[in-house]
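Enquirer:
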Amino acid sequence: MTLTPSIPDAPGRFPDTPRFQLDEAIATLRSNAGAWAEVPLTRKIEYLAEVRRRWVEIGDDLVADAVASKGVGEELAGEDWAGGVLAFVRTLRLLEETLRSIESTGAVPIDDDDIRVRPDGQVTVQVMPADVWDRLVYLGWTAEVWLDPDVDRDAVRDHMGGIYTKPETAAQGVALVLGAGNHASIAPLDVVNELFTEGWVVLLKYNPVNDYIGPYVEYAFEELIRAGLVRCVYGGSEVGDYLAHHEGIDKVHITGSARTFEIIVFGEGEEGADRKARNDPILDKPITGELGNVSPTIVVPGRWSGRGLRYHAEHVATQMMQNGGFNCTAAKLLVLPSRWEQKQAFLAELRRVLLGLSDRPAWYPGTEERFDRFVGAHDDVELLGPRARGLVPPTFIHDVSTEGGDIALEEEAFCSLAAVAELDVADPSEYLDAAVELCNERVEGTLIATILIDPATEREHAGALDRAVAALRYGTVGINVWASSGFVVGQTPWGGFPGATLDDVQSGIGWVHNAYLIDRPQKTVIRSPFIVTPKPPWFVTHRNATKTMRAASRFDGHPTVFGLVKLFAQALRA
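What follows is the structure, encoded as structure tokens:
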């Protein structure tokens with residue numbers, strides 16, 4: 005694994021919380037950990053509903069602060085509605101429905117017909133569409149959770165419901181959440197996961213990059229804070245290190261980079277590297293994490309229509325540029341068939357889309373250093389815009405060796421830069437096999453992978469596609485939809501493919517979100533039609549994205565027929 009240099013903390017808007025207050029916060033949480041375990045399910049549902057209601061209430065102000073912090077215009081605010089509001093309220097709404105079902109029936113709200121067994125014996129659970137609203141809003145989408153292969157059909161119900169159907173598995177203690185800096189919803193969603201899915205009380209440390217979310221989080225979680233079940237603190241890496249190793253913290257969860265995870269677990273410098281080599285951690289408590297990924301998008305050769313070429317050029321541009329490319333799910337590797345007769349037409353459409361987008365500031369700390377390092381390591385680099393101070397353009401790296409050893413395959417660039425890897429295989433079935441081998445064996449990370457395949461090719465090579473999906477070692481696989489959608493939809497578990505270890509953490513350990521409380525997931529598979537009409541509002545080319553995503557967030561926070569009509573009215577103005 006290639007390790008990146010440490011990146012200095014971004015300057016926070018709030019001063020570091022003093023150590024005596026950190027200690028007091030931990031002491032308060034410890035004194036209430038047992039009480040949280042005894043809170044009736046009805047009351048927990050009420051807490052959750054109040055957090056969701058308040059998050060919808062503060063949506064406009066939160067998104068305004070996010071846009072101002074990133075230095076982008078109102079026309080891009082739809083991206084923060086999606087990543088900052090929609091993902092949060094949707095996940096909480098579905099989790100509430102699950103808890104209400106457990107309260108009334110003793111089981112998660114999944115029909116027996118949605119539990120299936122694949123020909124190879126692996127059990128899957130269809131979790132999307134979740135209800136009539138999903139069938140209308142996400143027309144043609146499906147999502148399946150594939151369970152650990154050791155779970156057989158007869159045991160599936162035993163692996164649903166988590167601590168609410170198996171109370172003896174509930175945690176009791178204090179979890180530290182080290183928040184992410186790129187999306188407003190990530191840190192509070194991690195808090196919800198630790199509280200309501202695992203059973204911990206929670207100390208949240210904001211990331212200095214986006215600690216503007218602090219007042220909003222504290223307002224939304226006010227009742228839980230008042231009850232001594234949540235505490236929030238500010239500060240950079242020194243505060244985080246102090247807390248992670250504090251004797252009053254029982255468990256750590258981080259969303260961030262693998263490098264930060266390794267520093268927490270093993271320490272820095274030569275001593276940290278030696279400890280990692282010996283798998284001798286300095287952290288003496290459990291740690292989970294959702295970490296980075298060199299996210300591949302695999303384009304399968306076929307005969308695409310002109311409309312299909314244009315649609316997926318916009319789709320891939322979205323994967324590269326949404327949130328300025330500062331997503332651990334951003335397309336960082338475009339896998340192409342070198343002999344595909346439409347390869348050049350597809351790339352031409354993709355260039356056209358990227359060149360038509362407005363410039364985005366390099367707002368995430370360390371961006372320019374990373375960009376220049378990646379560009380400097382290659383000869384065949386294509387910049388689709390100006391490189392200026394505070395600005396890095398959409399960029400392709402073309403001379404990437406598929407044999408491995410390239411920085412673009414082994415390290416996440418975390419900006420609007422994507423490597424292009426070409427495979428000299430013409431047959432779609434053989435190409436899928438080669439693409440899976442490349443991604444599994446020579447590409448860093450296990451979080452998401454996306455496959456784009458036209459309907460005719462999918463029908464003709466259905467067995468090869470199924471084989472590829474089954475073989476890909478990623479926590480979420482998307483078919484004709486950016487697999488990042490697994491973060492937003494809520495009912496799907498979110499995390500790296502199982503099997504990571506402290507000394508080879510890949511994209512992390514453990515799962516978050518997972519509103520249906522499925523205990524032993526292996527991966528999620530999300531599918532959508534090859535072309536979705538009207539244009540998805542999360543596309544960076546949607547002309548009315550901000551109003552549409554605001555309507556979508558408010559609708560999913562509290563679905564009604566009137567809200568659905570308002571959503572469709574905005575979405576059609578693409």
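Taking my numbering, the leading residue of the sequence shown gets 5, the next gets one more, and so forth. By construction, the Cβ of each residue, glycine as well, lies at the ideal position given by its N, Cα and C atoms.
Within the continuous beta strand (DSSP E) that includes Lys-336, where are the two ends?
Expert: Taken as a continuous stretch (DSSP letters only), the beta strand (DSSP E) holding Lys-336 covers 335-341.
Enquirer: Residue range of the alpha helix (DSSP H) that Arg-531 falls in?
Expert: Segment 525-531 is the beta strand (DSSP E) holding Arg-531; no alpha helix (DSSP H) there.
Enquirer: Is Cys-236 helix, strand or coil by DSSP?
Expert: In this structure, Cys-236 counts as strand in the three-state DSSP scheme.
Enquirer: DSSP three-state label for Glu-251, please.
Expert: Coil.
Enquirer: Counting C-beta neighbours from all protein chains within 10 Å, is the total for Leu-576 16 or more, i.e. buried, or is it exposed?
Expert: Counting Cβ neighbours within 10 Å, Leu-576 comes out exposed, since fewer than 16 surround it.
Enquirer: Does Val-89 pass the burial test, meaning 16 or more other C-beta atoms within 10 Å, or should it be called exposed?
Expert: Val-89 comes out buried.
Enquirer: List the whole-angstrom C-beta distance separating Ser-488 from Gly-144, where the pair is believed to meet the contact cut-off of C-beta under 8 Å.
Expert: Rounded, the Cβ-Cβ distance is 18 Å, inconsistent with contact.
Enquirer: Put Lys-170 into one of helix, strand or coil per three-state DSSP.
Expert: If DSSP states are grouped into helix, strand and coil, Lys-170 belongs with coil.
Enquirer: Ignoring anything shorter than 3 residues or poking outside the region 384-411, list the beta strand (DSSP E) runs there in chain order.
Expert: The qualifying runs are 385-387 and 399-401.
Enquirer: Measure the alpha-carbon distance for His-250 versus Ala-578 and round it to whole angstroms.
Expert: The straight-line gap from Cα to Cα measures roughly 51 Å.
Enquirer: Just tell me which of Asn-36, Ile-483, Asp-560 and Leu-26 has its CA closest to the CA of Arg-230.
Expert: Closest by alpha carbon: Asn-36.
Enquirer: Please classify Asp-65: does DSSP put it in a helix, a strand, or coil?
Expert: Three-state result, Asp-65: helix.
Enquirer: Where does Val-485 fall in DSSP's three states?
Expert: Three-state result, Val-485: coil.
Enquirer: Nearest-angstrom Cα distance between Leu-182 and Glu-107?
Expert: Those two C-alpha atoms are separated by around 31 Å.
Enquirer: Out of Glu-445, Trp-137 and Leu-233, state which residue places its alpha-carbon closest to the alpha-carbon of Phe-566.
Expert: Closest by alpha carbon: Trp-137.
Enquirer: What's the C-alpha gap between Pro-44 and Leu-52?
Expert: Approximately 13 Å between the Cα atoms of the pair.
Enquirer: Is it the case that the Cβ atoms of Arg-122 and Gln-130 are separated by a distance below 9 Å?
Expert: No; because the gap between Cβ atoms is not below 9 Å, this pair is not in contact.
Enquirer: Just the Cα atoms here: how many angstroms apart are Gly-561 and Val-93?
Expert: Each residue's alpha carbon lies about 5 Å from the other.
Enquirer: Report the residue from Lys-527, His-546, Thr-537 and Pro-563 whose alpha carbon sits nearest the alpha carbon of Asp-152.
Expert: It is Lys-527 whose Cα lies nearest to the Cα of Asp-152.
Enquirer: Of the residues Thr-264, Arg-57, Ala-460 and His-257, which one's Cα is nearest the Cα of Pro-432?
Expert: With distances taken between Cα atoms, Pro-432 lies closest to Ala-460.
Enquirer: Return the bridge partner residues of Trp-150 from the DSSP annotation.
Expert: The partner list for Trp-150 (beta bridge, DSSP) reads Thr-128 and Lys-527.
Enquirer: Nearest by alpha-carbon distance to Tyr-223: which of Val-396, Ile-452 and Val-60 is it?
Expert: The shortest Cα separation from Tyr-223 among Val-396, Ile-452 and Val-60 belongs to Val-60.
Enquirer: What is the DSSP secondary structure of Trp-137, counted as helix, strand or coil?
Expert: Helix, per DSSP.
Enquirer: With DSSP collapsed to three states, give me the class of Lys-570.
Expert: If DSSP states are grouped into helix, strand and coil, Lys-570 belongs with the helices.
Enquirer: Report the partner residues of Gln-550 according to the DSSP bridge assignment.
Expert: The sequence given here places Thr at residue 550; Gln does not occur at that position. BP columns for Thr-550 are empty, so no partner.
Enquirer: Can you tell me whether DSSP reads Val-429 as helix, strand or coil?
Expert: Coil.
Enquirer: For the candidate residues Ala-468, Pro-305, Thr-406 and Tyr-315, whose alpha-carbon lies nearest to that of Trp-486?
Expert: Of Ala-468, Pro-305, Thr-406 and Tyr-315, the residue nearest in Cα terms is Tyr-315.
Enquirer: Can the beta-carbon of Val-473 be found closer than 9 Å to that of Ala-147?
Expert: No, the Cβ-Cβ distance between Val-473 and Ala-147 is not below 9 Å.
Enquirer: Spatial neighbours of Arg-311 within its chain, please: CB distance less than 7 Å, with the 5 preceding and 5 following residues excluded, ordered by chain position.
Expert: The residues are Ile-535.
Enquirer: Rank Gly-512, Asp-118, Leu-456 and Lys-209 by C-alpha distance to the C-alpha of Val-320 and give the top, closest one.
Expert: Ranking the options by Cα distance to Val-320, first place goes to Leu-456.
Enquirer: May I ask you to verify whether the region 339-354 touches the region 65-79, counting CB pairs closer than 8 Å and requiring at least 3?
Expert: The region 339-354, when compared against the region 65-79, does not touch it at the 8 Å Cβ threshold.
Enquirer: If you reduce the DSSP assignment to three classes, tell me which class Leu-456 lands in.
Expert: Reduced to three states, the DSSP call for Leu-456 is strand.
Enquirer: With 16 other CB atoms within 10 Å as the buried threshold, where does Asn-197 fall?
Expert: So Asn-197 counts as buried.
Enquirer: State the start and end residues of the unbroken alpha helix (DSSP H) segment that holds Lys-347.
Expert: Segment 347-359, the alpha helix (DSSP H) holding Lys-347.
Enquirer: Can you name the start and end residues of the beta strand (DSSP E) that Pro-300 belongs to?
Expert: 299-303 is the extent of the beta strand (DSSP E) around Pro-300.
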